[in-house]
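K.L.:
Start counting the sequence shown at 68; every next residue gets the next number (our numbering).
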Amino acid sequence: MTPRVSARRVWRQLSSLKLSKTKLSTRNLEKLCRAHATDHRTLVVHSEDVDQRPYFPNAYTVTTRTEVPADLHVDRYYRDLREIESSSYGIILCTGLLEHIPDPQRLIDEFCRILKPGGKLIMSVSAVFSFHECPEDFFRFTPYGLELLFKQWSSISIRGSSQPFETIGILLQRITLQCEIVFPVRLLVESFAHVFRLLDRFIIRQYNTLQSYGNDQCLSDSMMPSNLQAVGIK
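(1) Which first and last residues belong to the alpha helix (DSSP H) in which Arg173 is found?
(2) In three-state terms, what does DSSP make of Cys285?
(3) Got a sec? Which residues, its chain only, sit under 8 Å from Phe208 by beta carbon, not counting five neighbours each side?
(4) Going by beta carbon distance, what residues of the same chain come within less than 8 Å of Asp147, once the five residues before and after it are set aside?
(5) List the whole-angstrom C-beta distance separating Pro171 from Leu216, where the pair is believed to meet the contact cut-off of C-beta under 8 Å.
(6) Which first and last residues belong to the beta strand (DSSP E) in which Thr130 is found?
(7) Comparing C-alpha positions only, which one of Leu255, Leu238 and Tyr127 sits nearest to Ser155?
(8) Let me make sure I understand the geometry here. Which of Lys218, Ile175 and Cys246 has the alpha-carbon closest to that of Ser159?
(9) Below 8 Å on the Cβ atoms is my guess for Asp230 versus Asp267; work out the distance and round it to an integer in Å.
(10) Could you please give me the residues that DSSP links to Ile225 through a beta bridge?
(11) Is Ile235 helix, strand or coil when you go by DSSP?
(12) Do you know how far the Cα of Ile300 is from the Cα of Trp220?
(13) Mind checking which residues open and close the beta strand (DSSP E) that includes Thr109?
(14) To the nearest angstrom, how far is the alpha carbon of Val135 from that of Arg108?
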C-alpha cells in the first residue's frame, strides 16, 4: 500500500467517524417509555431503538429483524401480527415503525384488534426526520394525519417529541451519522448538534401555521418535532 493510498484511507475513515455513540432522538424515546412504564403484560412491537426492558419488564416482543432476540419474528410489514389473539393485551408499545409500513391504517387497526377494550397504544412516529432504513421509508406524519388514522378510537393524545431547535440538533446529528463529512467540519457539526437545543429556552410561543400566526387557536406544543408521540385508547 502506497503512502498516498494509506493517507486517503485514513482520511476516509475520519470523514465517517462517529464521535457520539448516543442518538439524541433516543433520549426522547426513553422519556416516552419512562412516562408509561408498567409491570403489566405489554406487547412491544419493533422498539429496538430504545432499551424498553427497564420500563416494560413483562413484555412480549415482536420484530422483523432476525438478528434481534424476540419472542416472535414476523414478516417485514408485520402482517403476521394476525397470529396474536384479539383482545389479548392491555398495553402495546410501538416506536419507529409506522413510517415503514406501506399501509399504516392496517397496522393501526390491527393494534386495535389486539388491544383489550380500554387498552392503550403508545407510539412514536417520524415527523421531521431524515430518510432511514430505505427504501422502506414511506411516510412522515403530522398530528392531523395521526388523528385520521385513530378516528375510530375512543381517544388519542399527541405531542411533539422535541422542540424546534432540538429537532435541528437531531437532524444535524443525523447528518453526521449518514454522511461522510470532511473531518474538521464534522467536529463542528456534531458540536452544533449538542448545543442547538439550548436555544429552545428562548422560544416564547409556537404556532402550527404561518397564515394564522398569533392566533391562540393555532398554538402548538412543537411546530417542528423530529417525532410525534401518541397515546391512543381503544
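By construction, the Cβ of each residue, glycine as well, lies at the ideal position given by its N, Cα and C atoms.
P.N.:
Working from what's here:
(1) Taken as a continuous stretch (DSSP letters only), the alpha helix (DSSP H) holding Arg173 covers Pro171 to Ile181.
(2) Of the three classes helix, strand and coil, the one that applies to Cys285 here is helix, per DSSP.
(3) These residues qualify, in order along the chain: Leu165, Glu166, Val192, Ser193, Ala194 and Leu295.
(4) Take Asp147, set aside five residues on each side of it, and the residues of its chain with a beta-carbon closer than 8 Å to its own are Leu139 and Val141, in chain order.
(5) That pair is a contact at about 6 Å.
(6) In the DSSP assignment, Thr130 falls within the beta strand (DSSP E) that extends over Ala126 to Thr130.
(7) When the alpha-carbon of Ser155 is set against those of Leu255, Leu238 and Tyr127, the nearest one is in Tyr127.
(8) According to the sequence as given, residue 159 is Ile; it is not Ser. Cα-wise, what sits closest to Ile159 is Ile175.
(9) A small correction: the amino acid at residue 230 is Gln; Asp does not occupy that position in the sequence shown. Contact check for Gln230 and Asp267: beta-carbon distance about 4 Å, within the 8 Å limit, so the pair qualifies.
(10) Bridge partners of Ile225 according to DSSP: Ala297.
(11) Correct three-state label for Ile235: helix.
(12) Put simply, the backbone Cα of Trp220 is about 6 Å away from that of Ile300.
(13) Start and end: Thr109 to Val112.
(14) CA-to-CA, the gap between Val135 and Arg108 works out to about 20 Å.
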